[in-house]
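The structure appears right after this line, and notes come after that.
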Amino acid sequence: MAYLGKITFVWLVIFGSLLAGYALKRSGRVSDPGKASGSIVRFAIRCLIPMVVGFAFWRMDLSNRRIWTLPLFAAALSTIQLFLGIWMADLQGLDRQKKGSFVTCSMVSNVGYPLAGFLCFVLFGEIGFSLTVLYCLYFGPYLYTVTFYAAEHYSSEGRVRIRDSLKKFFTDGIRLFPFLGIVCGLSLNLLGIERPEPITAFNKFLVPMTTAVYLFGIGLTVRFSQMRHYRRECALISVIKFVISPIIGLGMGYLLGYHNIMNGLVLKVVFLESAMPVGISVLMLPALFKLDQDLSNSCWIVTTVLLIPILPILLFILTFL
């Protein structure tokens with residue numbers, strides 16, 4: 226599939242699914258969009274994503290030990306984004322609630338399976354998707370410790386025990402199922418059991434379908450009404466996500482020698498991961514910690530939509546890596 230065709234396919238699946246969910250919400254045909262969204266997203270996380278990540282790890286080449294540094298790379302980059310967010314929030318003189326939302330938006334990116342994983346799957350096939358799964362191993366523990374701590378630091382009222390949140394990551398089904406998918410796939414890989422060839426064809430359908438279902442559910446909750454009030458904040462978050470972070474990520478990747486692994490594929494994956502928009506996970510933090518919900522929502526929408534014109538630029542840069 227040529228790059229133009231790949232870009233078009235990515236746009237159709239990602240933004241078509243989001244807009245379809247949003248259109249259904251606006252039509253008034255769903256009595257409780259929030260409840261419907263939760264059910265759809267839970268189905269994707271509990272049923273579809275475990276299969277996708279399990280199949281990916283089943284065939285993944287684990288012989289090069291340096292690829293296991295990917296979760297550490299991701300955690301380091303998120304921490305750098307955190308400090309960039311604090312610095313830019315201070316420059317703007319934001320109040321405590323807005324600063325909490327701004328900082329958490331700066332450090333949480335959509336590095337997971339539905340967006341970055343799907344993009345790498347379309348561009349690089351299953352091996353690219355597998356690398357994004359490995360990259361994301363840091364995300365759950367990091368979110369429930371560092372990100373929650375940052376949100377709690379700026380909280381006006383809310384208090385959530387970080388230890389309890391981290392415990393839920395390892396016990397709550399909706400968080401545990403994707404992790405179990407990784408464990409199953411990794412176990413089959415290490416046992417030397419060959420993955421049946423029909424799964425390869427099935428995965429070509431399963432990965433896009435998982436992304437479409439997940440983002441359709443998210444589209445049911447999208448709100449555009451307050452975006453105009455946060456133009457400056459959205460612009461600065463976009464600079465972090467699409468300018469500063471990719472430059473830092475690319476530099477770190479070269480320093481770690483990722484350009485010498487898998488014919489440079491690892492470097493390409495971390496470059497794309499470094500240039501992802503605000504992650505959907507930030508939208509739950511304002512409710513938990515009494516931060517600015519509209520600011521978080523606006524930054525997520527704006528950076529996600531900006532991926533439309535930015536994606537061709539990212540693909541152009543990839544041709545030189």
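Per my numbering, the sequence shown starts with residue 226, numbered consecutively.
Glycine included, C-beta positions come from ideal geometry on N, C-alpha and C.
The beta carbons of V238 and T436 sit about 6 Å from each other, so the pair counts as a contact at 8 Å. Between the region 269–285 and the region 411–426, the count of C-beta pairs closer than 8 Å reaches three or more; the two stretches touch.
Relative to the Cα of S412, the nearest Cα in the group F402, H454, F280 belongs to F280. In the three-state scheme derived from DSSP, where H, G and I count as helix and E and B as strand, V336 is classed as coil. Approximately 7 Å separates the beta-carbon atoms of G337 and F364; this is inside 8 Å, confirming the contact. In this structure, the CA atom of C524 is about 18 Å from the CA atom of Y379. For the 8 Å CB-CB criterion, P537 and S521 do not form a contact.
In the structure shown, the three-state DSSP call for V503 is strand. In the DSSP assignment, H378 falls within the alpha helix (DSSP H) that extends over 373–378. In this model, M501 and S262 are separated by some 23 Å (Cα to Cα). The shortest C-alpha to C-alpha distance from V503 to any of G489, L513, I526, M487 is the one to I526. Judged by their CB atoms, P275 and F343 are not nearer to each other than the 8 Å cut-off. Its chain contains F280 as the residues whose beta carbon lies nearer than 6 Å to that of N428, once the 5 sequence neighbours on both sides are disregarded; these appear in chain order. Here F496 is buried. Its C-beta has 16 or more other C-beta atoms within 10 Å. K466 and S334 have their C-alpha atoms spaced approximately 8 Å apart. With respect to the 8 Å criterion, L440 and P339 are classified as neighbours on the basis of their beta carbons. Of G410, I443, L461, the smallest CA-CA separation from G241 is found for I443. Taking every protein chain shown into account, the CB of V468 has fewer than 16 other CB atoms within 10 angstroms, so this residue is exposed. In the structure shown, G350 adopts coil according to DSSP, grouped into three states.
Judged by their CB atoms, I232 and I473 are not nearer to each other than the 8 Å cut-off.
The C-beta distance from L356 to V491 rounds to 6 Å, short enough to meet the 8 Å contact threshold. Under the rule that a run must span 4 or more residues, the alpha helix (DSSP H) segments found entirely inside the region 234–282 read 258–268. The closest CA to that of P471, considering only K250, K515, L546, is found on L546. The criterion of a C-beta distance shorter than 8 Å is satisfied by G353 and V494. Nearest to V358 by C-alpha distance, out of N414, A341, I270, is A341. When the alpha-carbon of M487 is set against those of S288, S331, L362, L475, the nearest one is in S288. Boundaries of the alpha helix (DSSP H) around F308: 295–317. By the 16-neighbour rule on beta-carbons within 10 angstroms, Y374 is exposed. K323 and S264 have their C-alpha atoms spaced approximately 30 Å apart.
D517 and D320 have their C-alpha atoms roughly 10 Å apart.
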